[in-house]
Ligand code: BG6
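In this note's numbering, the protein residues as written are 692 to 1171.
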């Protein structure tokens, strides 16, 4: 029985800052990602009280500067995606290639020309481009001089950026997303809001204000896009982590409900339903946010209500569990989120708990809540790959992870979920967002480059390359 719809968007996903490199070429300005040090301490450094976005090359490495040289090798990379049979390719536009500092009024033509070539290359192979307008890489100037998204001035800067790229590419690109993982700021606001403690990240009022500004900006992008072409599909993009109570204790169940509201639903409720959810006042109160300190106008609310998103893009890597009854529970690492260790799940080498059933639950929960098409725009296993003596990479662990998640997607489709597509993360190895490591690999395509910056950057196919090719060719039927 064919579970997956005929036009299902099988593909892969990346983000400009993690693969393009060429961080200072052809007029590109510095982004926040260019100021993020490499290594396991990346998030700790960004989360320290003294971090102020200063780039210190004597002290740290900056792996995003070079990425995987995709800027120069994109034709080779897209040819490999085409060989796997990709129907879609999700990538992001580096804001700083178009507006190097973010507050200019004239765009950088060389940046636009690069994305013209990239998009044309996809279209040459019949690959549908899926574009994230902003993926963890706002201009550094806006983070340093304006204090990031808490500043309302960013709405206009983003609107200008979105208008330029939508006008330029709307005839070639149908699928868009306004902000990557907008809800990640609940735990960590440096990547998506450009705020660190020295610019107010630890004050939740700033996070709430920044989100509001992003919601307005997102609605403005939807307005521009739909006025250009009502057929454009413009989505939100959230991290979804299915969240379980550790047990049947009602206090844990309630804590889980509250966590779900705050983390999984707050942003999507606004962007999909067009209004702040009923639990908003309570959320503010619990986080010490006073409504009178927020700048939210009637005009903003009208815009948010009118220009909602067309679909829900989300990333799913892991689930999370809640236990508020003890201080002793094991904390787990996660995709910019925490939680306690779930004894029923295994974890990746980076401690992310693997849970395919949780994806089926996620799909059903989102479908029940929003009744809008869903698009899994990130999923995958970050793992260390080793090259055998014969030069091959047998990444059966990755195949196993993806197979189980695709099976869960099939079940969810049978449950009645409207799922548009699947673009696993890091279809080609790239720089990790949370650690800046190359050794945390997700790809079907191996890139010869290590954490110390050594390697040829040559591309080679892993075992999962042929496996995924067969999955796409059989429209999700042949997962063996
Ligand atoms: C998501 C991000 O959080 O997860 C990506 O949108 C990121 O940018 C991906 O790379 C995987 O996380 P990491 O930290 O393993 O690269």
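Idealized CB from N, CA, C, for every residue including glycine.
According to the DSSP assignment, residue 1113 belongs to the beta strand (DSSP E) that extends over 1110-1113.
With a threshold of 7 Å, the Cβ atom of residue 1073 counts as near the ligand BG6, since some heavy atom of the ligand is closer than that. With contact defined as three or more Cβ pairs closer than 8 Å, the segment 820-831 and the segment 852-863 are in contact.
One thing to note: residue 947 has its Cβ within 8 Å of the Cβ of residue 934. Taking the Cβ of residue 1126 as the reference point, at least one heavy atom of the ligand BG6 falls within a distance shorter than 7 Å.
The DSSP-derived three-state label of residue 948 is helix. Short note on residue 1045: C-beta not closer than 7 Å to any heavy atom of the ligand BG6. Remark: the shortest separation between the CB of residue 1067 and any heavy atom of the ligand BG6 does not fall under 7 Å. Counting every other CB atom within 10 Å of its CB across the protein chains shown gives residue 892 a total of 16 or more, marking it as buried. Nearest neighbour of residue 1031 by Cα position, chosen from 731, 1039, 1041 and 1019, turns out to be 1019. Taken in chain order, the whole alpha helix (DSSP H) runs of length 4 or more contained in the segment 709-758 are 733-737. Given a length threshold of 4 residues, each whole run of the alpha helix (DSSP H) inside the segment 791-816 is given here in chain order: 800-815. Here the C-alpha atom of residue 834 lies approximately 36 Å from the C-alpha atom of residue 1093. At least one heavy atom of the ligand BG6 lies less than 7 Å from the C-beta of residue 871. Just measuring C-alpha positions, the residue of 778, 988 and 860 sitting nearest residue 809 is 860. Considered as a whole, the segment 906-958 harbours 941-950 as its complete alpha helix (DSSP H) runs of no fewer than 4 residues, in chain order. Within the chosen limit of 7 Å, the ligand BG6 does not reach the beta carbon of residue 1090 with any heavy atom.
For residue 1168, there is no enclosing alpha helix (DSSP H), as DSSP marks it with neither H nor E.
In the three-state DSSP reduction, residue 1136 falls in the strand class (E or B). For residue 1093, the secondary structure class from DSSP, reduced to helix, strand or coil, is helix.
For the pair residue 972 and residue 770, the Cα-to-Cα distance works out to about 50 Å. Contact between the segment 839-847 and the segment 915-926 is not established, with fewer than three Cβ pairs separated by less than 8 Å. Out of 930, 1123, 1038 and 890, the CA that lies nearest to the CA of residue 742 is found in 890.
Residue pairing from DSSP places residue 1067 in a beta bridge opposite 1005 and 1113. Residue 941 counts as exposed, since fewer than 16 other C-beta atoms from the protein chains shown sit within 10 angstroms of its C-beta.
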